[in-house]
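S.K.: The structure is given below, and queries will be raised subsequently.
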Amino acid sequence: MVKHHQVLPEKTILPGNSYRNEDGCSVQTRPAIGNYYSLVPLRITDRFYQMGFNLAVIAIDLGAEYTKIALVKPGVPMEIVLNDEGSRKTSSIVAMRDGERHYGQAATNTGVRFPKKAFWYLMHIVGLKYEDPQVETYRKRFPYYNIIKDEDRGTMLFQLEDDSTYSPEELIAMLLEKAKANAELFADQPIKDCVITVPAYFSQPQRKAMIQAASMVDLNILQIMSDNAAVALNYGVFRRKMFNSTMQYYMFYDMGATSTTATVVGYQLMKIKEGTRVETNPQLVIKGVGYDRNLGGLEITLRMQDHLAKAFTKTKKTKSDVYQNARAMAKLFKEAERVKKVLSANNDHFAQVEGLLDEEDFRVKVSRDELEGMTLDLMERVTKPIEDALKASQVTLPELTEIILFGGGTRTPKVQTILSKFLGGQELGKSINSDEAAALGAVYQAAHLGKGFKVKTFGIKEGTIFPISVEFAKQTVGQDDSAGKPKTVKRTLFSRMNPFPQKKVMTFNKHTKDFTFNVTYSDLSFLSDEEVKSLGSPVLATYTVTGVDTAYSKHAEDAESKGVKAHFRLDESGILHMDKAEVIFERQGPPEEESTWSKIGSTLGGLFGSSADKDVKVEDTDPGTEADNSDSTDSNGEREATKAGKSDEQLKKDDLGEDKSSDKDEKSEKEQVDNKKANKTTLIKEELTSEYNSYEIPQLSADQFKHSKNKLADLTAKDKEKKLLEKAKNDLEAFIFEMGDRLSRPMYEKCSTEMEREEYSKVLSESSDWMYEQDDDAKKEIYTEKLRELKKMTKDLEMRVRETKERPEALKALESMLNHSVYFLQTVQNLSQVEEPIFTEVEVTTLGKLINDTINWKNDTVKEQKKMLNTEKPKLLVQDIGMKIQALDREVKYLINKAKNFRPKAKPKAKKNTTSAANNTAANETKSTDDKTDPLTQEGRDNKDSDEPADDTGSKNTAKGTTTPEEESELPLPPTEEESELPLPPTEEESELPLPPTVEETTKEEEVLQPGDVDDTLTTTTTTTTTEKTTEKTTTDKTLDSTTKSNKHDGSDL
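Heads up: the sequence shown at position 596 corresponds to 596 in UniProt numbering, and the numbers run straight through without jumps.
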């Protein structure tokens, strides 16, 4: 069972909404698809998000006709990836023409014009032998392909006109590579991990072929997931609150392009232990599956294609046979697909193809009744998968909560009518996105399996469609090799609809020598003969276990054999593995003599009620317990194999005894525990060697795999080079046409002479002719070099045009900067007149000099530029103007920052006496002279009207030795009343300089500055009407008035 762990509370990201990051900034996520996606419970761990790891994972729903890609990355949860055309799904087709590969719509167009060079519906034939009935069906549907046999593996190969060959795995790898490239472009980061969906009926060889195809393009398969399980997960994730402890059954009916599948799924809340907690979370279980491998939209399209071909033949417009022309049949196939979709919503429609054959057009009217008449035999098979799924799951129709449709074929009105009638008029569920449900469900699983995401727990149990069993020859103790051929025993390992992933252990109790056993398909009576043939050989593999007799000869005398245990595993992708084989012995020894100290310790422990329990330690060494605890499903596996043995009465009579019953195991375990109380038990495990020989389709060898991978890498490199070549051509062509158009524009005519324009036009025309004369396989370097030459030729003209366009705006910006700088200089000069100036004389002089130099430079260069023609190289460059603006801005900003950070020096304050008498003096200064008394005596507190002078405290302090007369004379006196009214330096907020006036606010005299104006500013003093204060205070007030305008300080904030 696959478990999804509880999400972390670091960061919540909901599609279609924004969230706040650690800095408090709002971050917008991508828009959601549908309203209910705002409920997706997806979260991201911050440590990966902040460190910038490439956390994105994808799910690829590789259908027979269309491919959908779903992506999860930080900030983009569960989004469908768009292809190059901006579509949410891409045709599962790859075309190869002239050494270049095409995908999507381009490949579809190539398939119409050159059918032999475009390959699609590859999922129908991957992992199958050349003689397979499905391969024969594929050849009949697409007779124009040149399909040959791979003599090394026995599979099929597509042979092209240049004698190059490609296997279905290699072509599927190309589709996966393109899907990966689209996802990386969409996610803006490299992607390696993915989950791929396959039909539920895919066999072991087909699933392994998909893994090899993904490995060719460096994709790491997290899981091969059945598409029905992915859809069920997508449905259940957003309806968690609908489920309870009682199992609810749903049916998912999928009619795709090539096949139809019905799946019974059970949803139930289960208590699952996670760490130290037990939590209740939903899980889905695949209870039953029924399918028809050849019932789908493709077969309906082929029937329509045949109908159109017959209709064209009846017109007798040409003597050529339309059936023998691959291009004409490809055109009819495309039109048949279009008409089929239109008739799903209309009663009749016209099919028309221009230039179908021998330049003859074709047009015929087709009705929905005609389409349904062509597919009567197909419609009779619509309900068969439902019957098979209900039979496998042992669930009745009334127990189904809802029947949910998905897949393009379910949009056919006739199909919906038949299903509704079969289900007794029950309403069909259409609540999921039939195109994207599988991809979104698979990407939820990918987020769980990825490194940087955690999702809410949702258990998944897929089901084994084809049962698997083990066959072996019975061995008896003391059997002679010449005694005749032993009997063959068959035990079920994974029964039909057995949940996976799961581990099981099979015990061979009476095998004392090296032996061989076969892993085969079990009872396949529920399949048709054609389906049985499609599975290939009934024997999947043969295992030879060696080292058994050596282990027995080593331990048989002093230990009891517990049998040979083979550990099997059906992983998340539905692929069978045998992890190991081992023989187990149990040795019984005499009870150990307890030492004196041990006895004393046991006695003392017993007195305090905590004596050691030896029985608990002994149980850990029980071989049966260890084997059962190897995995949560091991005991179930042994029990199942045991039940299969008990059902065979004949084997019981023959005393085969290969698998013990559960009751006997329990009794034997109890007896062993009793014996262990008296004797010490030692468990001995001897690892055995097992050799594997597969009867399935051979996988690619290491050399073959490397050859295929290099072949795809070469094609990818050629595609990249081709794209760069096309880009170089496009850039050159665009420049030629764009430059030719610019030469006729007024600005270019203004900045160039007639002779220059004629020369440029001649060179551009010659370059255009040169470009079209080059071969198709020319290198991109010649095009980039030609473009560089043309740009170099027109460089001066482009510079003059650019300067002419941008110079007025640059001069306006410089004028504005000068006005701001002059006004700021006036403010700086005013601040320099105070007692403690902020700016030094050098800083003020430097700014004034820079302003004067800039004005002089501007006036001189503007005069020179006006004397020049626009066709000449300009003297006044925009770049130089920008440098002048930058210099002024840098100097002004420096002074502004200095003013903001300026703090005046603090005036010295009187030192505080440390004695209580000094404190009393400070307190007396805040009171009237009549209240001056000595606080240290009760007499002083009583005589409040005493006229004792304040200097008495000073004399007392001197008497106590705290302050000498010399030191006291140096202390500053308290400020006078007039001095206390002086304003303190402004605070940081008040010290901000006023903004300079805008260009519109300046007078005409300010707009045209002369160098002499600045000099006069430096020598002018400002006079202001003041109150009756000191001269120093008057100057300070005037400065504050000129710098703060409306913010006048009254001294209260000092």
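For glycine and all other residues, C-beta sits at the position ideal for the given N, C-alpha and C.
(1) Could you tell me if Met-156 is buried or exposed, where buried requires 16 or more neighbouring beta carbons within 10 angstroms of its beta carbon?
(2) Just how far apart, CA to CA, sit Gln-588 and Val-278?
(3) Residue ranges of each alpha helix (DSSP H) run of no fewer than 4 residues wholly in the segment 313-371, ordered along the chain?
(4) Are the Cβ atoms of Met-247 and Gly-266 separated by less than 8 angstroms?
(5) Are Gly-63 and Ala-257 close, meaning C-beta to C-beta below 8 angstroms?
(6) Starting from the Cα of Asn-509, find the closest Cα among Arg-569, Leu-527, Val-198 and Phe-585 and give me that residue.
(7) Give the single residue among Gly-407, Gly-408 and Leu-428 whose Cα lies nearest to the Cα of Thr-417.
(8) Is there a C-beta anywhere in chain D that falls below 8 angstroms from the one on Glu-835?
(9) Suppose you measure from the CA of Ala-437 to the CA of Asp-254; what does that come to, to the nearest Å?
(10) Tell me the DSSP secondary structure of His-555 in three-state form.
(11) So the beta strand (DSSP E) Tyr-253 belongs to, where does it begin and stop?
(12) Which residue from Leu-818, Gly-355, Leu-888 and Glu-841 puts its Cα closest to that of Asn-325?
(13) Which term fits Tyr-692, buried or exposed, when burial requires 16 or more other beta carbons within 10 angstroms of its beta carbon?
(14) Using CA coordinates, which residue listed in Glu-530, Leu-527, Gly-547 and Phe-494 is at the minimum distance from His-511?
(15) Within 10 Å of its beta-carbon, does Asp-719 have 16 or more other beta-carbons around it, so buried, or fewer, so exposed?
(16) Would you tell me roughly how many angstroms separate the C-alpha atoms of Ile-148 and Phe-142, rounded to the nearest one?
(17) Would Glu-658 be called buried (16 or more neighbouring beta carbons within 10 Å of its own) or exposed?
(18) Is Val-842 buried or exposed, if buried means 16 or more other CB atoms sit within 10 Å of its CB?
(19) Compare the beta carbon distance of Val-763 and Met-799 with 8 angstroms and say whether it is the shorter of the two.
(20) Leaving out five residues on either side along the sequence, give the residues of the same chain with a beta carbon under 7 angstroms from the beta carbon of Gly-236.
(21) Does the distance from the CB of Asn-180 to the CB of Val-126 come in under 8 angstroms?
(22) Can you give the Cα-Cα distance for Glu-169 and Ala-717, rounded to whole angstroms?
(23) Would you say Ile-851 and Ser-821 are within 8 angstroms of each other, going by their C-beta atoms?
(24) Have a look at Val-342, Asp-853 and Arg-381 and flag the residue whose alpha-carbon is nearest the alpha-carbon of Thr-887.
(25) Helix, strand or coil: which one does DSSP assign to Ala-447?
(26) DSSP state of Ala-541, grouped into three classes?
(27) In whole angstroms, what separates the C-alpha of Ser-767 from that of Lys-791?
(28) To the nearest angstrom, how far is the alpha carbon of Ser-259 from that of Ala-200?
(29) Who are the Cβ neighbours of Lys-858 in its own chain at under 7 angstroms, not counting the five residues just before and after it?
(30) Please report how far the alpha carbon of Asp-321 lies from the alpha carbon of Thr-315, in whole angstroms.
(31) Take Arg-363 as the anchor and find which of Gly-373, Glu-370 and Ala-351 has the nearest alpha-carbon.
(32) Express the C-alpha separation of Arg-88 and Val-76 in angstroms, rounding to a whole number.
(33) Check Glu-85 in the structure and name its three-state DSSP category.
(34) Quick one: what does DSSP say Arg-491 is sitting in, helix, strand or coil?
(35) Per DSSP, what are the beta-bridge partners of Ala-906 in this structure?
(36) Quick check: what's the CA-CA separation for Phe-568 versus Ile-403?
M.R.: This is what the structure gives:
(1) buried
(2) 39 angstroms
(3) 326-343
(4) yes
(5) yes
(6) Phe-585
(7) Leu-428
(8) The structure shown contains no chain D; it is built from a single protein chain.
(9) 11 angstroms
(10) helix
(11) 248-255
(12) Gly-355
(13) exposed
(14) Gly-547
(15) buried
(16) 14 angstroms
(17) Confidence at Glu-658 is low in this model, with a pLDDT of 40, below 50, so its placement is unreliable and the value that follows should be read with caution. It counts as buried.
(18) exposed
(19) no
(20) Tyr-267, Pro-282, Leu-284 and Phe-458
(21) According to the sequence shown, residue 180 is Lys rather than Asn. No, these two residues do not count as a Cβ contact at 8 angstroms.
(22) 19 angstroms
(23) yes
(24) According to the sequence displayed, residue 887 carries Ala and not Thr. Selected option, being the one with the closest Cα: Asp-853.
(25) helix
(26) strand
(27) 12 angstroms
(28) 11 angstroms
(29) Leu-814
(30) 12 angstroms
(31) Ala-351
(32) 16 angstroms
(33) coil
(34) strand
(35) Looking at the DSSP assignment, Ala-906 forms no beta bridge with any residue, so it has no partner.
(36) 36 angstroms
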